[in-house]
Amino acid sequence: MKNIYIAIPLVCLFASIIAGLFGKVVGRKGAHTITIAGVAIAFVLSLVVYADVKDGNTFNGALYTWAISGNIPFQIGFLIDQLSATMMIIVTFVSLMVHIYTIGYMSSDLGYQRFFCYISLFTFAMLMLVMSNNFLQLFFGWEAVGLVSYLLIGFWYDRETAIFANMKAFLVNRVGDFGFLLGIAAVLYLFGSLDYSAVFAGANGIKDATVMSPFGEWNWLTVTCILLFIGAMGKSAQVPLHVWLPDSMEGPTPISALIHAATMVTAGIFMVARMSPLFELSETALSTVLVIGSTTAILMALVGLVQNDIKRVVAYSTLSQLGYMTVALGVSAYEVAIFHLGTHAFFKALLFLGAGSVIIAMHHEQDMRKMGGLRTIMPITYLTTVIGSLALAGIPPFAGFFSKDAIIESVHHSDLWGAQYAYVAVLLGVFVTAFYSFRLLFMTFHGSNRSDDHTRKHLHESPTVVTFPLLALAIPSVLAGFMFFEPVLNGSFFGSSIFILPEHDVVNELAQGYEGTSGIGMIFAAIGHGIQTLPFWLAIFGVVFAWYCYCKNLALPGKIQKMFRPVYIILEKKYGFDELYQTIFSKGSVLAGKFLYKYADAGLIDGTLVNGSANSVNRISGALRKVQTGLTYHYAFAMIIGLFALITFFVWF
Amino acid sequence: MNPLDIENSLLSLLIWLPVIAGISILAVGSDQRATMVRGLSLGFSILVFLLSIPLYTLFDPSTSTMQFVEKASWIQSYNINYHLGVDGISMPLILLTTLLTVIVVISGWQVITERVAQYMAAFLIMEGIMIGVFASLDSVLFYVFWEAMLIPMFVIIGIWGGPNRIYATIKFFLYTLLGSLLMLVALLYLHNVSGGSFDILDFHEVKLDMNTQILIFLAFFAAFAVKVPMFPVHTWLPDAHVEAPTGGSVILAAIMLKMGGYGFIRFSMPIAPDASQELAWLMITLSLFAVVYIALIALVQQDMKKLIAYSSISHMGFVTLGLFIFNSQGVEGAMMQMISHGFISGALFLCVGVLYDRLHSRMIQTYGGVASKMPIFAGFVVLFAMANSGLPGTSGFVGEFLVILGAFQANPWFAIIASLTLIFGAAYTLWMIKRVIYGKVVNEDVHSLTDVNAREIIMLSMLAAMVLIVGVWPNPILEVMHVTIEDLLQHIAISKLP
Chain A
17 MKNIYIAIPL VCLFASIIAG LFGKVVGRKG AHTITIAGVA IAFVLSLVVY
67 ADVKDGNTFN GALYTWAISG NIPFQIGFLI DQLSATMMII VTFVSLMVHI
117 YTIGYMSSDL GYQRFFCYIS LFTFAMLMLV MSNNFLQLFF GWEAVGLVSY
167 LLIGFWYDRE TAIFANMKAF LVNRVGDFGF LLGIAAVLYL FGSLDYSAVF
217 AGANGIKDAT VMSPFGEWNW LTVTCILLFI GAMGKSAQVP LHVWLPDSME
267 GPTPISALIH AATMVTAGIF MVARMSPLFE LSETALSTVL VIGSTTAILM
317 ALVGLVQNDI KRVVAYSTLS QLGYMTVALG VSAYEVAIFH LGTHAFFKAL
367 LFLGAGSVII AMHHEQDMRK MGGLRTIMPI TYLTTVIGSL ALAGIPPFAG
417 FFSKDAIIES VHHSDLWGAQ YAYVAVLLGV FVTAFYSFRL LFMTFHGSNR
467 SDDHTRKHLH ESPTVVTFPL LALAIPSVLA GFMFFEPVLN GSFFGSSIFI
517 LPEHDVVNEL AQGYEGTSGI GMIFAAIGHG IQTLPFWLAI FGVVFAWYCY
567 CKNLALPGKI QKMFRPVYII LEKKYGFDEL YQTIFSKGSV LAGKFLYKYA
617 DAGLIDGTLV NGSANSVNRI SGALRKVQTG LTYHYAFAMI IGLFALITFF
667 VWF
Chain B
713 MNPLDIENSL LSLLIWLPVI AGISILAVGS DQRATMVRGL SLGFSILVFL
763 LSIPLYTLFD PSTSTMQFVE KASWIQSYNI NYHLGVDGIS MPLILLTTLL
813 TVIVVISGWQ VITERVAQYM AAFLIMEGIM IGVFASLDSV LFYVFWEAML
863 IPMFVIIGIW GGPNRIYATI KFFLYTLLGS LLMLVALLYL HNVSGGSFDI
913 LDFHEVKLDM NTQILIFLAF FAAFAVKVPM FPVHTWLPDA HVEAPTGGSV
963 ILAAIMLKMG GYGFIRFSMP IAPDASQELA WLMITLSLFA VVYIALIALV
1013 QQDMKKLIAY SSISHMGFVT LGLFIFNSQG VEGAMMQMIS HGFISGALFL
1063 CVGVLYDRLH SRMIQTYGGV ASKMPIFAGF VVLFAMANSG LPGTSGFVGE
1113 FLVILGAFQA NPWFAIIASL TLIFGAAYTL WMIKRVIYGK VVNEDVHSLT
1163 DVNAREIIML SMLAAMVLIV GVWPNPILEV MHVTIEDLLQ HIAISKLP
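Same order as they appear, the protein sequences are chains A and B.
The first sequence runs 17 to 669 under this note's numbering.
The second sequence runs 713 to 1210 under this note's numbering.
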């Protein structure tokens, strides 16, 4: 099996190198054939690995020693268990779909081979990240996916907005990584190893260790967990490090689906789930996660309400859904978080690719106000988008219903500090989510077409390479809930790969509600229970209200906008995070740099000290030079004075 | 000649072969025979590089004693010896020197058209001298090489440099000379107290009281801090880089700065261990200051070479930080940082050189949209920029990572400040990339750019390969220095107070 594990990421890397370095040689067709074959092999092998893991064959071992420093070995290795095997399937499946979709989406782009090179490289990096058995490799993958994200957001590098967005994404992620790296350093300091198994085994032993800080005594484990979580906040775009994700939509749509919705941005969620043995021991850290997550979930959903760019609506929806996952992590429902990660990966990739399909048809127009009425022209795109939206809104029996309902119920059962706030936030979020997702649907596909004549004449359904991935992603968006609800809840799905303290185990409490049911009975019980609770009705209300606003009474949104103008402006400005950061951090550091350069470096050090001393030497020597006149009587006079002075000196002393 | 003989004369060969080759080229070369001169220089530099490989392959990593030792009496009356040898610290630096010299010769191939022989000779002679600095075990020999090194660099900047080269060379010369003189005083003092030896290894064993140690430490500090360069004695470097021709900048950044770090390891720390620990706070403070303060200054530079020069200073802050936290990760990280910085800063200066050769400007605002016209070049630049930002998988990550881990053990606050480089380093590097490489083609000049040619691809590929290999698998380098560094740390831990 070990060879298969190694083959899975390497086949993607290999394909990426071929497409990247020999793109001209293999041509367009060669590039996509090779990379798709690579990812397809990785997907099939991941299925094999998954089946093997289900049979109880987990793996934890090193591949090679990256470095040995101070007798601590830093190794590259794999940990293959239920969690990583699940992630591998999600990553390779979505990646495969996006690869196929790209053939259609990028068909006329000059950077065709380069694009395939990047997305295969991304798949490699993401696989290394989820398969890692240690913090070092995790960080490798972590930064490598960040790099590919940087390259892909800036894929159209002659667009000013794209190259601003990619630099912003990289730098904001670096702020997160700053915390993450310190967290890793703290792990090494506390445990003397970066190996997951060694660290997790030692966690209980140091849970009471403290460190003195200027603000009092801190628990080491809490500090470590929060530092690691700062990394997750960067990568999974949690408030206040979320600002890069909406801008990342400057990249081509396939990567918005793959990287900025389904996989990379969920790396933070995966990481915290992986670190469950550490986070479980610190309720402070869990509460932090919970509060940050719920804040993200509601704040970002609200911004989604006022967006008119079709991709940005989906982007804010992603931010909000990542918040939901983070909330699940915060209440120790790690398996539910990963469950939602999985269903979200399918339906959100579907929504993005659906949006992409619309964008192709609209000749790269992304403003929904210029769309409308597309459902008859693009039936497959419409149908799949409907499925995606229903799943996102959490309407039973679509996948999103099961995972989102499980999150809300978990929060309900939790008695952690902040859980009540989180409960209100996620409940409100349900309404908002349903509203904005159906607003998108109605504005784009219903009503009359508002585009210009030229565009309207050329409207058509997208080619098969585009619609096939949509259909392929629609299937799990419908079915994933049925399939995995039971094993996730009863704990058999993730087995021992996730650790939960009994007193935090809200999922177990949830499962007890379904005691006595199993299989399809449990599904019906869940749906039956779901439609009697508030979230379902909030979602339905959201859908209906969206229908009323955007299909029935088209003047209403404008009226509401006028009525709540201050709120609207706040949302439109996205709470002003961008402006704030731009002023304080970007302009601030440039100003500080200019000031230091001018006054400290060039002024004080170089001007006063270095050149100043040179100038003093110059002045003194200049003065002394005047004495050397070359006139004999001057020298004779000086000698006499000197002699007189010496005699005086000897006589007197 | 049997292999044993090679071992006993390899270092001498590495020092004197390039020096003799340089002098011969100077003798026979003229601009009419430029092609021959280039061929000869390349041949010799490759030969020296190949000859330096046995240093690695025959090196015994299980011991910290000096290897490839050569010892002969030089000036008997003062007990000055021609004493050479390498350990796990100096050996990798010698290999770095021989590799970079090959690249520098290639980089000057078409660019230098006047006084080709002198140019090539200067670099070959400098190569020998720099190897001499790393291989000397006698302090007088070391001092001679140390000072001699300034001469070819002075010439390179002074002749092939930019418009303000005279100011830059004098500043560079005076700055470093001033520091070196204090070092000479310290060496003479040590000669006296060590019972008449100039041997560096003997100096390591001399017992000294605290005040003396502090004075000696400060004297060495004057020499090495200028070379590194540490804040606040760094201001010669940006000027020297801006005026130096590309090859000069490469050697300056890649090798010469390492002499400072090497000096701290070879002299300051083992000779004055108690003072090193006593003054560690100063070293750490200055290093951390460099990481943040210099990074902010780098952010606002308009001249690409100046930006990379400031970036160098900031990165070298990691070296001095790593050294003076006195743990394995710190010191090994510092060494890795020195080696990696050799590749990355060298590569970045070459990249600026590539642009400068075409448009004769180093200013950021001259460019914009270079990627559209030079896609292969853009690929290289982005790779090196990422390496400069410490991306894992590149060599730039290894040193910073280890130093941050080591600093965290010493004091988490050191690690916190040092980690800011993750943000700042990426900020100034990527901002430059954004303005120069990406974006729309801004003017006719950029529109006329042609992509890198085969020669440029070769030199950049060599460095790209090193950056990636060392990033993915640094262990082969760490392995050879492991025992030496452990031994050094043990040595420092033992007080030398009488």
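Glycine is no exception: its CB is placed at the ideal position from the N, C-alpha and C atoms.
Quick caveat: nothing in here was measured; it's all calculated off a predicted structure.
Sequence-distant residues of its chain with Cβ nearer than 6 angstroms to residue i (five each side left out)
i	result
B/V1031	G973, A1046, Q1049 and M1050
A/R466	K386 and G388
B/V867	A834
B/L889	none
A/I326	A371, Q382 and M384
Residue interval of the beta strand (DSSP E) (run including residue i)
i	result
A/T392	Taken as a continuous stretch (DSSP letters only), A/T392 belongs to no beta strand (DSSP E), as it is neither H nor E.
A/A317	First-last for A/A317: E299 to L321, but that is the alpha helix (DSSP H), not the beta strand (DSSP E).
A/G434	It is not in any beta strand (DSSP E) - A/G434 carries neither H nor E in the DSSP assignment.
B/L1211	Coverage of chain B is limited to positions 713 through 1210, which leaves residue 1211 of chain B absent and any answer about it impossible.
A/A83	F75 to S85
B/Q779	Q779 to I787
A/G737	Chain A is shown only over 17 to 669; residue 737 of chain A falls outside these bounds and no answer can be derived.
B/S742	Here B/S742 belongs to no beta strand (DSSP E), and DSSP marks it neither H nor E.
A/V227	T226 to S229
A/G284	Not the beta strand (DSSP E): A/G284 falls in the alpha helix (DSSP H), residues A283 to R290.
A/E698	Any property of residue 698 of chain A remains undetermined from this structure, which presents chain A solely from 17 to 669.
Contacts around residue i, its chain only, beta-carbon distance under 7 angstroms, and the 5 residues preceding and following it disregarded
i	result
B/V845	F854, F857, W858, M861 and M971
A/H356	Y340, M341, A344, S419, K420 and I423
B/A752	According to the sequence shown, residue 752 of chain B is Leu rather than Ala. So the qualifying residues of the chain are I737.
Own chain residues within Cβ distance below 8 angstroms of residue i, not counting five before or after
i	result
A/K364	A273, A277, A278, V330, S333, T334, Q337, G404 and L408
Reference residue i, options the options, closest by Cα
i	options	result
B/E839	B/A733, B/Q788 and B/S909	B/A733
A/I516	A/F151, A/F231 and A/R290	A/R290
B/F782	B/M748, B/S848 and B/T813	Checking the sequence, you will find Glu at residue 782 of chain B rather than Phe. Measuring from the Cα of B/E782, the nearest candidate turns out to be B/S848.
A/L34	A/F131, A/T118 and A/I24	The identity of residue 34 of chain A in the sequence shown is Ile, whereas the question assumes Leu. Minimum Cα distance to A/I34 is reached at A/F131.
A/L596	A/I106, A/K223 and A/P256	A/P256
A/R472	A/L489, A/G558 and A/M394	A/M394
B/S988	B/F976, B/L1011 and B/V1192	B/F976
A/I119	A/Q323, A/P230, A/T480 and A/L37	A/T480
B/L805	B/I1135, B/I1145, B/R978 and B/S1207	B/R978
Closer than 8 angstroms at the beta carbon, the chain D residues around residue i
i	result
A/R44	No chain D appears in the structure shown, which is made up of the protein chains A and B.
Neighbouring residues, chain A, relative to residue i (Cβ below 9 angstroms)
i	result
B/N1039	G86
Neighbouring residues, chain A, relative to residue i (Cβ below 7 angstroms)
i	result
B/N720	What B/N720 touches in chain A: nothing, since even the nearest Cβ is about 31 angstroms away.
B/N1187	T81, W82, A83 and I84
B/A1116	Contrary to the premise, residue 1116 of chain B reads as Ile rather than Ala in this sequence. Within chain A, the residues near B/I1116 are L197 and A201.
Chain B contact residues for residue i, given Cβ-Cβ distances below 7 angstroms
i	result
A/F593	Within 7 angstroms Cβ-Cβ: nothing; A/F593 doesn't reach chain B, min ~17 angstroms.
A/D174	G1081, S1084, G1151 and K1152
A/I621	P944 and T947
Residue i: contacting residues in chain A (beta-carbon distance under 8 angstroms)
i	result
B/Y1005	L612 and A616
B/V1012	V606, G609, K610 and Y613
B/E1044	S85 and G86
Residue range of the alpha helix (DSSP H) that includes residue i
i	result
B/V1182	A1166 to V1184
B/W821	First-last for B/W821: undefined, no H or E at that position.
A/C567	It is not in any alpha helix (DSSP H) - A/C567 carries neither H nor E in the DSSP assignment.
Contact list for residue i against chain B, beta-carbon separation under 9 angstroms
i	result
A/A160	L1103, P1104 and G1105
A/G93	By Cβ distance, chain B contributes nothing, its closest Cβ being about 14 angstroms from A/G93, past 9 angstroms.
Contacts of residue i in chain B (Cβ-Cβ under 8 angstroms)
i	result
A/I179	K1146, Y1150 and G1151
Return the residues of the region 60-89 of chain A that lie within a Cβ-Cβ distance of less than 9 angstroms from chain B, sorted by chain order. Y80, T81, W82, A83, I84, S85, G86, N87 and I88
Residues of the region 1121-1135 of chain B with Cβ closer than 8 angstroms to any Cβ of chain A, in chain order: Legend: CB atoms of the region 1121-1135 of chain B lying less than 8 angstroms from CB atoms of chain A belong to residues Q1121, P1124, A1127, I1128, S1131, L1132, L1134 and I1135.
Scan the region 190-212 of chain A for residues whose Cβ lies nearer than 7 angstroms to a Cβ of chain B and list them as they occur along the chain. For the region 190-212 of chain A, the beta-carbon criterion of a distance under 7 angstroms to any beta-carbon of chain B is satisfied by R190, V191, D193, F194, L197, L198, A201, A202, L204 and Y205.
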